[in-house]
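Mind the numbering: the sequence shown is residues 32 to 167 in the numbering used here, read in order.
We treat Cβ as the ideally placed atom computed from N, Cα and C, and that holds for glycine.
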Amino acid sequence: MTAPPDGFKPAKFSSGFLDVSGPYFLRSQDQGTIVAMRILETHANYLGVAHGGVLSTFADVALSFQVHDSERPALSVVTNTLTTNFLAGAKTGDWLEAYCRIDRLGKRIAYASGEIRKGDALIMTMSGVFTILRQS
């Protein structure tokens, strides 16, 4: 596997499904954290391009991480809804970056949206609604 671009560090997400759907990488910036991944052969469908389920999972990971990382201590969140719009494909070896923003953060519900890019090319737009599991 090719090393990630400068500034990206491996994400240390909890074990489980994210161990097999990634690996994911993070880079902090002023507007939040960029979540990234490289498309591997295991992410490809029979056409040799990234499976839509992989891109949808990546969208969910990136949006939910933005909400998770918005407060200290970090928030625990679960996805209520996820909307994805596929605009272009990605092939094995492509480096994808997700740029996300929080549109509204309430006490129990958060709204986030963003996009996935391959360089300057827009691959996907996405939005999600998340339940915040605050400790009582």
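| query | Any idea if Q60 is buried or exposed, counting beta-carbon neighbours within 10 angstroms, 16 or more meaning buried? | reply | Result: exposed.
| said: Rounding to the nearest angstrom, what Cα-Cα distance links T156 and Q166 in this structure? | reply: The alpha-carbon atoms of T156 and Q166 are separated by roughly 32 Å.
| said: Does G83 come out as helix, strand or coil in the three-state DSSP assignment? | reply: It is helical.
| query | What is the rounded straight-line gap between the Cα of R103 and the Cα of F96? | reply | Approximately 13 Å between the Cα atoms of the pair.
| query | Using a Cβ-Cβ cut-off of 7 Å (strictly less than) and excluding sequence neighbours within five positions of G63, which residues of its own chain qualify? | reply | Correct list, in chain order: Q97, C131 and R132.
| field | Short Cβ contact (8 Å threshold) for V92 with Y55 | value | Closer than 8 Å, so yes.
| So is V66 buried or exposed if we call it buried at 16+ other beta carbons inside 10 Å? | Residue burial annotation: V66 is buried, with at least 16 other C-beta atoms found within 10 angstroms of its C-beta.
| request: Between the Cα of I163 and those of I140, G79, A42 and A119, spot the shortest distance and give me the residue it belongs to. | output: Nearest neighbour of I163 by Cα position, chosen from I140, G79, A42 and A119, turns out to be I140.
| query | Going along the chain, which unbroken runs of the beta strand (DSSP E) with 3 or more residues stay wholly within the region 112-163? | reply | Given a length threshold of 3 residues, each whole run of the beta strand (DSSP E) inside the region 112-163 is given here in chain order: 126-136, 140-149 and 152-163.
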